[in-house]
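J.:
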Amino acid sequence: MFEISFIINHSNIEDILEKLEEIGLSSTYYETPFQVTIDNNGYGYYEKEDEDVLLKVYPDCESEDECLKVIDRIKNTLKLDEDINLSEINEGNWQEPFEPVDLKNGWVIGEPSLTLENYKKINFEPQGSFGTGLHETTQDMLRFILDLDFSDKKVLDLGAGSGILGIGAALKNAAKVVALDIRDVTMEVMHNAALNNLTNVEVLIKDVTKEKLEVKEKYDVVFINIGGEETLASMELINSVIESNGILLVSGLVEWSYEEVFKQIEVQGYSLVKKTKSNEWVTLFLQRSI
Ligand SMILES: C[S@@+](CC[C@H](N)C(=O)[O-])C[C@H]1O[C@@H](n2cnc3c(N)ncnc32)[C@H](O)[C@@H]1O
761 MFEISFIINH SNIEDILEKL EEIGLSSTYY ETPFQVTIDN NGYGYYEKED EDVLLKVYPD
821 CESEDECLKV IDRIKNTLKL DEDINLSEIN EGNWQEPFEP VDLKNGWVIG EPSLTLENYK
881 KINFEPQGSF GTGLHETTQD MLRFILDLDF SDKKVLDLGA GSGILGIGAA LKNAAKVVAL
941 DIRDVTMEVM HNAALNNLTN VEVLIKDVTK EKLEVKEKYD VVFINIGGEE TLASMELINS
1001 VIESNGILLV SGLVEWSYEE VFKQIEVQGY SLVKKTKSNE WVTLFLQRSI
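If you're matching positions, the sequence shown starts at 761 in our numbering and goes up one per residue.
#1: Our contact map puts Asp900 next to Ser1038 with C-beta atoms below 8 Å; I'd like the distance itself, whole angstroms only.
#2: If you follow the beta strand (DSSP E) that Thr959 is part of, which residue opens it and which one closes it?
#3: Taking its Cβ as the centre, do 16 or more other Cβ atoms sit within 10 Å of Tyr979, making it buried, or is it exposed?
#4: Taking a contact to mean a Cβ-Cβ separation below 7 Å, would you say Ile965 touches Val982 in this structure?
#5: Give the C-beta separation of Gly926 and Asn985 to the nearest angstrom, bearing in mind that I take them to be a contact with Cβ-Cβ under 8 Å.
#6: Taking C-beta to C-beta, are Ala939 and Asp917 nearer than 7 Å?
#7: Taking Cβ positions, are Glu809 and His770 nearer each other than 7 Å?
#8: Could you check whether the Cβ of Leu925 sits closer than 6 Å to any heavy atom belonging to ligand 1?
#9: With DSSP run on the structure shown, which of helix, strand or coil describes Ala935?
#10: Please state whether DSSP places Gln1028 in a helix, a strand or coil.
#11: Is any heavy atom in ligand 1 found nearer than 6 Å to the beta carbon of Phe870?
#12: I'd like the span of the beta strand (DSSP E) that includes Gly1012, first residue to last.
#13: Check Gly866 in the structure and name its three-state DSSP category.
#14: Less than 7 Å between the beta carbons of Glu990 and Thr969, yes or no?
#15: Please go through the same chain and pick out, in chain order, the residues whose beta-carbon is closer than 7 Å to the beta-carbon of Asn853, but skip the five residues on each side of it.
#16: Measuring straight from C-alpha to C-alpha, what distance separates Ser1011 and Ala993?
#17: Determine the closest residue to Leu780 out of Gln795, Ile764, Phe794, Glu791, with distance taken between C-alpha atoms.
#18: What number of angstroms, rounded off, separates the C-alpha of Glu948 from the C-alpha of Glu791?
#19: Just verifying my parser: in three-state terms, what is the DSSP assignment at Asp900?
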């Protein structure tokens, strides 16, 4: 397998990925540059817009010569003068960006080629968004989700990132999953959904804290793993779309402020079913009771 890589500015990433997709190059990987911040409400982070990132492209070519032609097409399409690197990678290197994650509940998150006896698997190829399954909050949410049966349930995944939480719910028989994020995560959510043969996952791009959600239907289950402040700012939206006995899973809370966040959610008609904590990260399983 060949890997073509070159430096681009993160502020142009969506435009570049779209143009590469138009010339048949949809298999890409880059690490989103995040800046972590700490405040009273826990940690926050933002994507660093004006930062250079290494974009890796995996073309479907058989020989170096073929790849050199692809590089010319990339240069023309993106109007790039910078150096473009070409390397041949073996199976081992290809696996390197993503080690399987054992959720310790009989499930693993792994690349499609991974086969493990006696495990159920979420097929997954990280594309750069948050939600590779490595973070404590993602893992704790998934352990709650994979323990449930979502038959006939409609699920709304707020701050979906890679879409992994919604994909987990769909693998546990959800009737429909809507994955919502402030960033355009459509390509990677749909890619990971397809790796799991799922056709009932949709993507919406919105800021949950600011925009109203145009909904024609209610959701039985809502996930939100963004942060305490964002969760509180989203409660009006959540209350308007969640069924009266709906389940709300909240993560991204930190131990020094989660009780305050919970109190403010509780008065809106939610009760605590269970809670889990990994390091400083707290995840709440809540049920609406109005
Ligand atoms: C901590 S990640 C969680 C990703 C994934 N759901 C998981 O559990 O691993 C938070 C996600 O929320 C998104 N996000 C942050 N602020 C948001 C907002 N105001 N509205 C919608 N999405 C937001 C980010 O782009 C990011 O993908």
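For glycine and all other residues, C-beta sits at the position ideal for the given N, C-alpha and C.
T.: So, to answer that:
#1: Locating residue 900 in the sequence shown gives position 140, where the first residue counts as 1. Locating residue 1038 in the sequence shown gives position 278, where the first residue counts as 1. In this structure, Asp900 and Ser1038 form a Cβ contact; the two beta carbons are roughly 6 Å apart against a cut-off of 8 Å.
#2: Taking the sequence shown and counting its residues from 1, the one referred to as residue 959 is at position 199. Boundaries for Thr959: no beta strand (DSSP E) harbours it, and the DSSP string shows neither H nor E there.
#3: Within the sequence shown, the letter at position 219 stands for residue 979. Per the 10 Å Cβ criterion, buried.
#4: Position 205 of the sequence shown, counting from 1, holds the residue named residue 965. Position 222 of the sequence shown, counting from 1, holds the residue named residue 982. Contact flag unset, no.
#5: In the sequence shown, counting from the first residue as 1, residue 926 sits at position 166. In the sequence shown, counting from the first residue as 1, residue 985 sits at position 225. Approximately 11 Å separates the beta-carbon atoms of Gly926 and Asn985; this is outside 8 Å, ruling out the contact.
#6: Counted from its first residue, the sequence shown places residue 939 at position 179. Counted from its first residue, the sequence shown places residue 917 at position 157. Between Ala939 and Asp917, the C-beta spacing is below 7 Å.
#7: As a working note, residue 809 is residue 49 in the sequence shown. As a working note, residue 770 is residue 10 in the sequence shown. It is a contact, given that the beta carbons lie within the stated cut-off.
#8: Counting from 1 along the sequence shown, the entry for residue 925 is found at position 165. Leu925 has its CB nearer than 6 Å to a heavy atom of ligand 1.
#9: What you label residue 935 is simply residue 175 of the sequence shown in a count that begins at 1. In the structure shown, Ala935 sits in coil (DSSP, three-state: anything other than H, G, I, E or B).
#10: As a position in the sequence shown, residue 1028 is number 268, starting the count at 1. Correct three-state label for Gln1028: coil.
#11: Taking the sequence shown and counting its residues from 1, one reaches residue 870 at position 110. Inspection of the sequence shows that residue 870 is occupied by Gly rather than by Phe. Relative to ligand 1, Gly870 has its C-beta separated by 6 Å or more from all heavy atoms.
#12: As a position in the sequence shown, residue 1012 is number 252, starting the count at 1. It spans 1002-1014 - the beta strand (DSSP E) in which Gly1012 sits, taken as one unbroken run.
#13: If you number the sequence shown from 1, residue 866 lands on position 106. Three-state DSSP puts Gly866 in coil, outside helix and strand.
#14: Taking the sequence shown and counting its residues from 1, the one referred to as residue 990 is at position 230. Taking the sequence shown and counting its residues from 1, the one referred to as residue 969 is at position 209. In contact: Glu990 and Thr969 (Cβ atoms closer than 7 Å).
#15: In the sequence shown, residue 853 corresponds to position 93, counting from 1. At Asn853, the pLDDT of 49 sits below 50, so the modelled position is not reliable and the matter cannot be decided from this model.
#16: Counting from 1 along the sequence shown, the entry for residue 1011 is found at position 251. Counting from 1 along the sequence shown, the entry for residue 993 is found at position 233. One alpha carbon belongs to Ser1011, the other to Ala993, and they sit about 14 Å apart.
#17: Along the sequence shown, read from residue 1 onward, the residue named residue 780 stands at position 20. Answer by Cα proximity: Ile764.
#18: Here residue 948 corresponds to residue number 188 of the sequence shown, with the count starting at 1. Here residue 791 corresponds to residue number 31 of the sequence shown, with the count starting at 1. Going by C-alpha positions, Glu948 is about 13 Å away from Glu791.
#19: Your numbering for residue 900 matches position 140 in the sequence shown. Correct three-state label for Asp900: helix.
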